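K.L.:
Heads up: the protein sequence lines correspond to chains A and B, in order.
This note's numbering puts the last residue of the first sequence at 368; the count rises by one with no breaks.
This note's numbering puts the last residue of the second sequence at 382; the count rises by one with no breaks.
Quick reminder that beta carbons are idealized off the backbone N, C-alpha and C, glycines included.
In this text, all values refer to a predicted model and were calculated from it rather than measured experimentally.
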Amino acid sequence: MINMILKESEITGVMVQYFKVCKRELWFYINQINMNYDNDDIEIGKLIHENSYKREKKEIRLENLVFDFVKNKNEIEIYEIKKSSKLTIGGSYQLYFYLWTLKKSNINAKGYLVYPKEKKKKLIELNNEIINELNEITQDIIEIAKQKKPPKPINKPYCKKCTYYELCMI
Amino acid sequence: MKQPLNINSNGILYRKDNTLKYTNKEVDKTIPIHAINEINCYGKVSLKSGAITLLQNEKIIVNSFNKYGHYQGSLYPKITLNSGTTIVKQALAYNNPDQRNYIAQEIVQGMKHNMRKTLMYYSKKGKNVTEYIEKIEKEPILNKNINQILSSEGKLWQHYYPAFNEITKNFPLKKREFRPPTNEMNALISFGNSLLYTTTLSEIYHTYLHPSISFLHEPRERRFSLACDIADIFKPIIVSRTIFKLVNTNMINKKSFKDDVGVYLTDKGRQKFIEEYNNKLKTTIKHPNLNKKVSYRYLIRLEGYKLIKHILNDKTYESFKAWW
Ligand code: SF4
């Protein structure tokens, strides 16, 4: 039987977000069963000029994420624009993940979750606890990728808004 | 909701900037590409390469039929919903006799149930079809191997179609036959089945299933055989019901047919059929699992989802069996 082998370098922010929200959604996503047909991938590599960060060779893919960033001398700020402050667990972890990924390439960055409608902005900073958690999450994601069948549905209110709703409930 | 576009005349589809246009001696019009989900051509329609590219990008399937309403083929956009895991597992399920037989017999179970349901509906309306219902009920679905399953399927249709002569006296079926149909009822069934095949094909396009890997029918058949598999489940409740509605309310009558090398619907007759068929597809019913209303058309998509869940080992496939 086939077995999906996911390399650590292939883990994306969206996967981390799905991990926090629903492992089944994550499994579908890793197995390329994506009900969000229209989301094009954005490559951060294109956005961060290669010249500015010569050491940065790794390509970081940012899918499914509305974001903007500002460069400040030797620090960059990443803004993630969210529609509402509800349902942000996954979203803030996505941002943690980008900060952590940049940090591993020795780029210090600050993250902000921005809610334009509510005129709110929330600073997201890495700390050791979060870094440990991200380490665990990446290992867990690799394990979930290896599973031969999708984890069971979670059956939470979130399901109603999830693009996999029909696939899960039928 | 997106709608199928039907072209009944002869003409050319071409691209001008980013819009799709249709032209012939009488018209030159823009087609609202974002409002359509498929194009069905019943006349001789040529496609310019620009139009093909545009249709491919917009993921719109173009189906063509000849004047008898026989399906000729489809321009199928390139498969963009691509999940390696799903396709590999779909192929593995096909190749494993236990798995394949399970899915194939489940398809036939669904078909049998829906044949029975359809006849029950007319029985309640006073049609004398009890004899046929009993024959269908008694017919076992043998499932030791795929040939047994296929032969059970064939027998079920043989019990089912003669009941048509009881449901409508207008167009005796006599014997179910294929190309070219020699009587009206055969022409209606063939046309309805072609429509359902193309609808199923569009719905499969929106899943991750490969349309050529099938379970009941052999994948080497000329058509996208998975669409044949899934369409079989829905023929009684979508095609048969549409036909009886059209015939018993006189929307389609003797004048709706032409006869040359076979019997087929006139342009008007065909348009009536398509209209009623599309009404059927749009009809909604409350789905017990999803707890919301879904259209008949969407039920076909859901069948695809259930097959995906089965081949991913997530949930055992149970075919659609009309519950109302
Ligand atoms: S519908 Fe619920 S269980 Fe299914 S993937 Fe979405 S969140 Fe997870």
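To the nearest angstrom, how far is the alpha carbon of L300/A from that of P314/A?
P.N.:
So the two alpha carbons sit approximately 25 Å from each other.
K.L.:
Say yes only if the C-beta of I342/A is nearer than 7 Å to one or more non-hydrogen atoms of the ligand SF4, and no if none qualify.
P.N.:
For the ligand SF4, not one heavy atom lies less than 7 Å from the Cβ of I342/A.
K.L.:
Under 8 Å, do D290/B and S272/B count as touching if we go by C-beta distance?
P.N.:
No.
K.L.:
What number of angstroms, rounded off, separates the C-alpha of E334/B from the C-alpha of P351/A?
P.N.:
In a straight line, the C-alpha of E334/B is about 38 Å away from that of P351/A.
K.L.:
Cα-Cα, which of P220/B, N203/B, P294/B, E116/B is closest to Y160/B?
P.N.:
Here the closest residue by C-alpha is N203/B.
K.L.:
Evaluate Q163/B with the Cβ neighbour count: other Cβ atoms within 10 Å of its Cβ, from every protein chain shown; 16 or more gives buried, anything less gives exposed.
P.N.:
Its Cβ being crowded by 16 or more others within 10 Å, Q163/B is buried.
K.L.:
Please report whether the beta-carbon of Q345/A lies at a distance below 8 Å from any beta-carbon of chain B.
P.N.:
Q345/A does not count as touching chain B.
K.L.:
Using a Cβ-Cβ distance cut-off of 8 Å, determine whether L365/A contacts chain B.
P.N.:
Answer yes: the Cβ-Cβ gap between L365/A and chain B drops below 8 Å somewhere.
K.L.:
Identify which residue in N371/B, T265/B, A221/B has its Cα closest to the Cα of Y179/B.
P.N.:
Out of N371/B, T265/B, A221/B, A221/B has the C-alpha closest to the C-alpha of Y179/B.
K.L.:
With contact counted as at least three CB pairs below 8 Å, one residue from each stretch, are the segment 324-338 of chain A and the segment 345-362 of chain B in contact?
P.N.:
Contact between the segment 324-338 of chain A and the segment 345-362 of chain B is absent, because fewer than three Cβ pairs lie under 8 Å.
K.L.:
Which residues in chain B have a C-beta closer than 7 Å to the C-beta of P348/A? List them in chain order.
P.N.:
In chain order: L370, D372.
K.L.:
Is DSSP giving T411/B helix, strand or coil here?
P.N.:
Any property of residue 411/B remains undetermined from this structure, which presents chain B solely from 59 to 382.
K.L.:
With 8 Å set as the bound, which would you pick, yes or no: does the beta-carbon of G142/B sit closer than that to a beta-carbon of chain A?
P.N.:
Output row for G142/B: interface = yes.
K.L.:
Going straight from the alpha carbon of R299/B to that of E242/B, what length do you get?
P.N.:
Rounded to whole angstroms, R299/B to E242/B spans 16 Å at the Cα level.
K.L.:
Within the same chain, show all residues whose beta-carbon is closer than 6 Å to that of Y100/B, passing over the 5 residues directly before and after it, in chain order.
P.N.:
Hits under 6 Å: N66, F123.
K.L.:
Verify the CB distance criterion: does I70/B have a CB-CB separation below 8 Å to chain A?
P.N.:
For I70/B, the answer is no, since every Cβ of chain A falls outside 8 Å of its Cβ.
K.L.:
Report all residues from its chain with a CB closer than 7 Å to the CB of K147/B; omit the five preceding and five following residues, and keep chain order.
P.N.:
For K147/B, where only same-chain residues beyond five positions count, the Cβ hits under 7 Å are I369, L370.
K.L.:
Give me the chain A residues within the contact set of L360/B, using Cβ-Cβ distance strictly less than 7 Å, ordered along the chain.
P.N.:
The answer, in chain order, is E364, I368.
K.L.:
Checking contacts by CB at 8 Å: is L112/B closer than that to chain A?
P.N.:
Chain A contact via Cβ: absent.
K.L.:
Does any CB atom of chain A fall closer than 8 Å to the CB of K364/B?
P.N.:
Yes, contact with chain A.
K.L.:
Starting from D95/B, find everything on chain A with Cβ-Cβ shorter than 7 Å and list it in chain order.
P.N.:
Sequence inspection shows Asn at residue 95/B; the Asp mentioned does not correspond to that position. Within chain A, no residue comes near N95/B; the closest Cβ sits about 13 Å away, beyond 7 Å.
K.L.:
In chain order, what residues of the same chain lie with their CB nearer than 8 Å to the CB of N306/B, ignoring the 5 residues before and after it?
P.N.:
Excluding residues within five positions, the ones whose Cβ falls inside 8 Å are I225, T226, N228.
K.L.:
Bridge partners for K87/B per DSSP, in chain order?
P.N.:
Answer is Y80/B, bridged to K87/B.
K.L.:
Would DSSP call I444/B helix, strand or coil?
P.N.:
For residue 444/B there is no data in the structure shown, the boundaries of chain B being 59 and 382.
K.L.:
In whole angstroms, give me the CA-to-CA distance for E151/B and R158/B.
P.N.:
The amino acid at residue 151/B is misidentified as Glu; the sequence shows Ala. Going from the Cα of A151/B to the Cα of R158/B covers about 6 Å.
K.L.:
Counting only beta-carbon separations shorter than 8 Å, does I231/A have a partner in chain B?
P.N.:
It does: the Cβ of I231/A has a partner Cβ on chain B nearer than 8 Å.
K.L.:
Output, in chain order, the set of chain A residues within a Cβ distance shorter than 8 Å of L348/B.
P.N.:
Chain A residues near L348/B: Y363, E364, M367, I368.
K.L.:
Can you check whether the C-beta of Y383/B is within less than 8 Å of a C-beta belonging to chain A?
P.N.:
The structure shown does not extend to residue 383/B, since chain B is modelled only from 59 through 382, so no value can be given for it.
K.L.:
Any heavy atom of the ligand SF4 inside 7 Å of the beta-carbon of Y291/A?
P.N.:
Not so, every heavy atom of the ligand SF4 lies at least 7 Å from the Cβ.
K.L.:
In chain A, what lies closer than 7 Å to Y266/B by C-beta?
P.N.:
The answer, in chain order, is I231.
K.L.:
Kindly examine the ligand SF4 and report whether one of its heavy atoms sits closer than 7 Å to the Cβ of P351/A.
P.N.:
Result yes, Cβ under 7 Å from the ligand SF4.
K.L.:
Return the Cβ separation of T144/B and I366/B in integer angstroms, given the expectation that the two are a contact with Cβ distance under 8 Å.
P.N.:
Indeed, because the Cβ distance is near 6 Å, the residues count as touching under 8 Å.
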